[in-house]
Amino acid sequence: MYSDILVRYGEISLKGKNRKLFEKILMQNIKLRIRDIGRFTIERTFGRIYLRKVNELTDKVIQRLTMIPGVVSVSPVVRAGLDLDEFKECALNVLLDALPNGGTFKVETKRANKQYPLKSPEVTRILGGHLLTNYPHELTVDVHNPDVIVYIEIREHDVYIYSKVVAGPGGLPIGASGRGLLLISGGIDSPVAGWMGMKRGVTIDALHFHSFPFTSERSKEKVIELTRILAQYSGRIRLVIGHFTDIQKAIGLHCPEKLHITIMRRMMFRMATKVADMLNAKVLLTGESIGQVASQTLESMEVINAVTNIPVLRPLITADKTEIIDIARKIGTFETSILPYEDCCTVFVPEAPATKPKIKDAEAAEVNLDIDQLIEDAINKSEVLIVTSDGIVAEFDRIGDSE
Amino acid sequence: MNNIVYLDHSATTPVHPKVITAMVEMMEEDYGNPSSLHRMGMVAEKKIRKAREQVAEVLGVKSKEIIFTSGGTEANNLAIRGIALQYANRGKHLITTTIEHPSVLNTFKELETEGFTVTYLNVDREGFIQIDQLKEALIPGTILVSVMHVNNEIGSVQPIQQIGELIKAFDHRTFFHVDAIQSFSKTELDLSQMKIDLLTISGHKIHGPKGIGALYVNEKINLKPQLYGGGQERNIRSGTENVPGIIGLGLAVELIAEEQKSKIDKLRKLKAWFLEEVTKQIDDVKINGPASIEDIYSEKSTPQIINLSFPGLKAEVLLHALEDFEIYVSTGSACHSRNSEPSHVLQAIKLSGRELESAIRISLGYWTRREELEYLLQHLPGLVSELRILMQR
Chain A
34 MYSDILVRYG EISLKGKNRK LFEKILMQNI KLRIRDIGRF TIERTFGRIY
84 LRKVNELTDK VIQRLTMIPG VVSVSPVVRA GLDLDEFKEC ALNVLLDALP
134 NGGTFKVETK RANKQYPLKS PEVTRILGGH LLTNYPHELT VDVHNPDVIV
184 YIEIREHDVY IYSKVVAGPG GLPIGASGRG LLLISGGIDS PVAGWMGMKR
234 GVTIDALHFH SFPFTSERSK EKVIELTRIL AQYSGRIRLV IGHFTDIQKA
284 IGLHCPEKLH ITIMRRMMFR MATKVADMLN AKVLLTGESI GQVASQTLES
334 MEVINAVTNI PVLRPLITAD KTEIIDIARK IGTFETSILP YEDCCTVFVP
384 EAPATKPKIK DAEAAEVNLD IDQLIEDAIN KSEVLIVTSD GIVAEFDRIG
434 DSE
Chain B
612 MNNIVYLDHS ATTPVHPKVI TAMVEMMEED YGNPSSLHRM GMVAEKKIRK
662 AREQVAEVLG VKSKEIIFTS GGTEANNLAI RGIALQYANR GKHLITTTIE
712 HPSVLNTFKE LETEGFTVTY LNVDREGFIQ IDQLKEALIP GTILVSVMHV
762 NNEIGSVQPI QQIGELIKAF DHRTFFHVDA IQSFSKTELD LSQMKIDLLT
812 ISGHKIHGPK GIGALYVNEK INLKPQLYGG GQERNIRSGT ENVPGIIGLG
862 LAVELIAEEQ KSKIDKLRKL KAWFLEEVTK QIDDVKINGP ASIEDIYSEK
912 STPQIINLSF PGLKAEVLLH ALEDFEIYVS TGSACHSRNS EPSHVLQAIK
962 LSGRELESAI RISLGYWTRR EELEYLLQHL PGLVSELRIL MQR
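Next comes the structure, spelled out in structure tokens:
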């Protein structure tokens, strides 16, 4: 029944001068994300985007569109001729699809085509009457708070009719806010943090710290799978597999056990800062949430954050675990995150990790580490994977080669 | 050494090339359904008959006493549930051990929810059940005793003949099931002497394919089917036969039986040599299961399974470290700290926490060469001491 799709992108239309640029980015992102389904004409008019002649692929395309940051909502649209009897019937079908079991509704008519013989209120009245008479279940008009609104847009050559509204993630289109480097583990939190960054328009690269044999190949596969799920929203993610084994070993050999986690996190932040610089990312993103584990107390965060000079975004910082899990379920990462393979943070857990470390203690504990050399070697041994929703599409042996 | 050193034969084995050839032929040419009336059906049926004879002959039983299943798990389920549900009118008491494979243990756990009572026999620190305890557990109304021949994790060989004799002396109508998945072709097996009524074997542990197993069921037993359908396998196990799998199993059984005589002694010596070397070269190694070298030669310890603990490190990390050298072993427990459940077998033999988390299993096959174990010994001592220092436990 539906032929076209209407895409609403509320927030970006508010952004004054940047609006044109944002719209362009969103259109590009949409094209990229539906390219494999088909190539459709995409138009932008009156602060909305229309996809033309999608026809039987409507459901499939809508499912994709509602995952794209920047999309507030979408509606499948029926395109009809200007003949009143024709679009009356279409309106009934549209209403039945949006409201299958009865309820309240209203009709809203917009008449862009001023040559059309009937005025908007007249069209609304005629259609309202037609729907009330022919709708097979209980139906009443409610102009203030209807269950559904049937929109009629009368245009030059045709009429658009739509009612069903499918919500998208909202936010800003990816690419509108610069680049960030997500520290991704196999856990529940970091993929959610990455998704929230994307939702605010941040282009996400990801860095995973791999410590084979302390962590298994399976945990790496798990991170690749989580990245693949995130790539469903963004199209493409550059995933750096950071070689962290030698750093782990050095910490194990040269640092007091009580501070292992703190120093491990400091080394991760140092390495991430370097990698971000190489990838031209302006910020780091983490899945940290206050108090969740020993390294996420405010005292720990201070000590860990002290090693980097770029902003660290922590989208989940005040979220509860249950709230994080809700989002993880919604974005589809939860089931993969809870697979029981170890990540870095769970092999080295000492009996009593320091929850209130001090910067000077951490610095003292690091005196026997050749920090710069360790980081440089680790970066040289790291590899880069380009991940899309189909999986790995390219691999590079060096971070610098992945541009 | 560039090749893979595969030391995880108790998990699964590579398929014998002759078995592969035979199976491919079944898929490419003789792909008829054995139930079909035409010639192609008959060819498949004949091949199955031959496979059944191959298995029966090696086990020393009648070919009609062999039921093909989808593997060891199904065979164990069929044996245990098939007896329990068929003979519940004689009694509802069952006996097994605490160190059985999950396909046995969980079947008994399920039967407990269906009104049966199960006695789980404990094992000693080397993994052997105590005959006296079995004696005490047997009561009028015990309809089935199920004991694994060789434990898959620690390689202890239960005194099956003694157990069989005891059961039958108590009541000749009490059935005796033996899970012989790990013991078949590695340990002496004489079904009539051992008074075994039902016995499970699996294809992929003996260089056969995965997805195929066989259950020996004494002809006097009337087993209650667990799958209903077209009445294949004497109506005990319906479903179109896995013809390539069955042909593969039959051939694998025949091939390994031919090899058994010449290889088994070699395997025993290999294990004995390795245990001596490893305890010499590494401090603080614990041999889990029967620990003395004599046990290997007196058939108390199976020749192919070696289970060792290296207190102070985590087994999974050692496993991955060995993997880096293309050496493949397995662990007694995965060590994800969040929801780890250490091996029930290693817990049953009362290992300490440090022994539990550091246990690895090295399992040999007939094709394992001494050089492969030498290669392992080149790397193992160094890795163990390195990881012990790193993990500081």
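Residue numbers (the numbering used here), protein chains in the order written: chain A, 34 to 436; chain B, 612 to 1004.
Even for Gly, the Cβ is constructed at its ideal location relative to N, Cα and C.
DSSP beta-bridge partners of residue i
i: Phe-787 (chain B); result: B:Val-756
i: Ser-912 (chain B); result: B:Ser-767
i: Glu-122 (chain A); result: Answer is none; Glu-122 (chain A) lacks a bridge partner.
i: Ser-610 (chain B); result: Past the boundaries of the shown model lies residue 610 (chain B); chain B is included only from 612 to 1004, so the question cannot be answered.
i: His-276 (chain A); result: A:His-243
i: Ala-395 (chain A); result: Looking at the DSSP assignment, Ala-395 (chain A) forms no beta bridge with any residue, so it has no partner.
i: Ile-75 (chain A); result: A:Leu-84
N- and C-terminal bounds of the alpha helix (DSSP H) containing residue i
i: His-163 (chain A); result: 153-167
i: Tyr-266 (chain A); result: 250-267
i: Thr-369 (chain A); result: 367-370
i: Ala-695 (chain B); result: 683-697
i: Glu-223 (chain A); result: Here residue 223 (chain A) is Ser; the residue named in the question, Glu, does not match the sequence. Start and end: 222-232.
i: Thr-811 (chain B); result: Thr-811 (chain B) -> not in any alpha helix (DSSP H); beta strand (DSSP E) instead, spanning 809-813.
i: Gly-859 (chain B); result: 854-892
i: Val-630 (chain B); result: 628-639
Between the CA atoms of residue j and residue i - distance to the nearest angstrom
i: Asn-950 (chain B); j: Leu-372 (chain A); result: Reliability of the predicted coordinates at Asn-950 (chain B) is poor, the pLDDT of 47 falling under 50, and the value obtained from them is presented with this limitation in mind. Between Asn-950 (chain B) and Leu-372 (chain A), the C-alpha separation is close to 10 Å.
i: Asp-403 (chain A); j: His-287 (chain A); result: 10 Å
i: Asn-51 (chain A); j: Ser-210 (chain A); result: 11 Å
i: Val-630 (chain B); j: Ser-647 (chain B); result: 25 Å
i: Leu-164 (chain A); j: Gly-365 (chain A); result: 39 Å
i: Ser-969 (chain B); j: Lys-882 (chain B); result: 20 Å
i: Ile-284 (chain A); j: Arg-303 (chain A); result: 14 Å
i: Gly-775 (chain B); j: Val-326 (chain A); result: 55 Å
i: Met-612 (chain B); j: Lys-389 (chain A); result: Annotation note: pLDDT 49 at Met-612 (chain B) (below 50); position unreliable, no value reported.
i: Ser-948 (chain B); j: Glu-428 (chain A); result: In this predicted model, Ser-948 (chain B) has a pLDDT of only 41, less than 50, meaning its place in the structure is not dependable; the value taken from the coordinates is given anyway. Answer to the nearest angstrom: the Cα atoms are 32 Å apart.
i: Arg-66 (chain A); j: Asp-430 (chain A); result: 27 Å
i: Thr-295 (chain A); j: Pro-224 (chain A); result: 22 Å
i: Ser-920 (chain B); j: Ala-361 (chain A); result: 39 Å
i: Ile-750 (chain B); j: Met-634 (chain B); result: 47 Å
i: Asp-405 (chain A); j: Glu-399 (chain A); result: 12 Å
i: Leu-984 (chain B); j: Val-995 (chain B); result: 16 Å
i: Arg-784 (chain B); j: Ala-825 (chain B); result: 23 Å
i: Leu-422 (chain A); j: Arg-81 (chain A); result: Looking at the sequence itself, residue 422 (chain A) is Ser, so the reference to Leu does not match. Between Ser-422 (chain A) and Arg-81 (chain A), the C-alpha separation is close to 27 Å.
i: Phe-679 (chain B); j: Glu-685 (chain B); result: 10 Å
Top-ranked residue by Cα proximity to residue i, from the options
i: Arg-299 (chain A); options: A:Ser-333, A:Gly-285, A:Lys-255, A:Glu-290; result: A:Ser-333
i: Met-759 (chain B); options: B:Gln-741, B:Arg-784, B:Ile-792; result: B:Ile-792
i: Gly-275 (chain A); options: A:Ser-267, A:Thr-248, A:Thr-295; result: A:Thr-248
i: Asp-470 (chain A); options: A:Val-308, A:Ala-395, A:Gly-213, A:Val-198; result: Look at the range of chain A in this structure, 34 to 436, and you will see that residue 470 (chain A) is not part of it.
i: Thr-728 (chain B); options: B:Ala-662, B:Leu-755, B:Phe-936; result: B:Leu-755
i: Thr-351 (chain A); options: A:Pro-150, A:Thr-330, A:Ser-322; result: A:Ser-322
i: Thr-355 (chain A); options: A:Asp-222, A:Pro-246, A:Arg-347; result: A:Asp-222
i: Ser-903 (chain B); options: B:Thr-624, B:Gly-766, B:Asp-619; result: B:Gly-766
i: Thr-166 (chain A); options: A:Glu-155, A:Leu-259, A:Glu-122, A:Ala-264; result: A:Glu-122
i: Val-273 (chain A); options: A:Val-87, A:Ile-185, A:Ile-38, A:Val-420; result: A:Val-420
i: Tyr-42 (chain A); options: A:Ser-108, A:Thr-278, A:Ala-131; result: A:Ser-108
i: Leu-834 (chain B); options: B:Glu-869, B:Gly-683, B:Ile-706, B:Leu-689; result: B:Leu-689
i: Lys-393 (chain A); options: A:Leu-292, A:Leu-240, A:His-177, A:Leu-312; result: A:Leu-292
i: Leu-346 (chain A); options: A:Glu-189, A:Phe-367, A:Lys-315; result: A:Lys-315
Span of the beta strand (DSSP E), counted from its first residue to its last, around residue i
i: His-241 (chain A); result: 236-243
i: Tyr-986 (chain B); result: Tyr-986 (chain B) -> not in any beta strand (DSSP E); alpha helix (DSSP H) instead, spanning 981-1002.
i: Asn-899 (chain B); result: 897-899
i: Pro-109 (chain A); result: 106-113
i: Ser-974 (chain B); result: 970-974
i: Arg-136 (chain A); result: As written in the sequence, residue 136 (chain A) is Gly, which differs from the Arg given in the question. Here the beta strand (DSSP E) through Gly-136 (chain A) covers 136-144.
i: Thr-724 (chain B); result: It is not in any beta strand (DSSP E) - Thr-724 (chain B) instead sits in the alpha helix (DSSP H) that spans 713-724.
i: Arg-298 (chain A); result: Unbroken run through Arg-298 (chain A) is the alpha helix (DSSP H), 293-312; no beta strand (DSSP E).
i: Ala-427 (chain A); result: 424-429
Neighbouring residues, chain B, relative to residue i (Cβ below 8 Å)
i: Gly-285 (chain A); result: Ile-1000, Leu-1001, Met-1002, Gln-1003
i: Lys-255 (chain A); result: Those do not exist, as Lys-255 (chain A) stays about 12 Å from chain B at its closest Cβ, beyond 8 Å.
i: Ser-249 (chain A); result: Glu-927, His-931
Cβ of residue i within 8 Å of any chain C Cβ
i: Lys-282 (chain A); result: The displayed structure is made up of protein chains A and B, and chain C is not among them.
Proximal chain A residues relative to residue i, where beta-carbon distance stays under 9 Å
i: Asp-935 (chain B); result: Phe-245, Pro-246
beta-carbon residue i near the ligand NAD non-hydrogen atom, thresh 7 Å
i: Asn-687 (chain B); result: Among the components modelled here there is no ligand, and therefore nothing to report on the ligand NAD.
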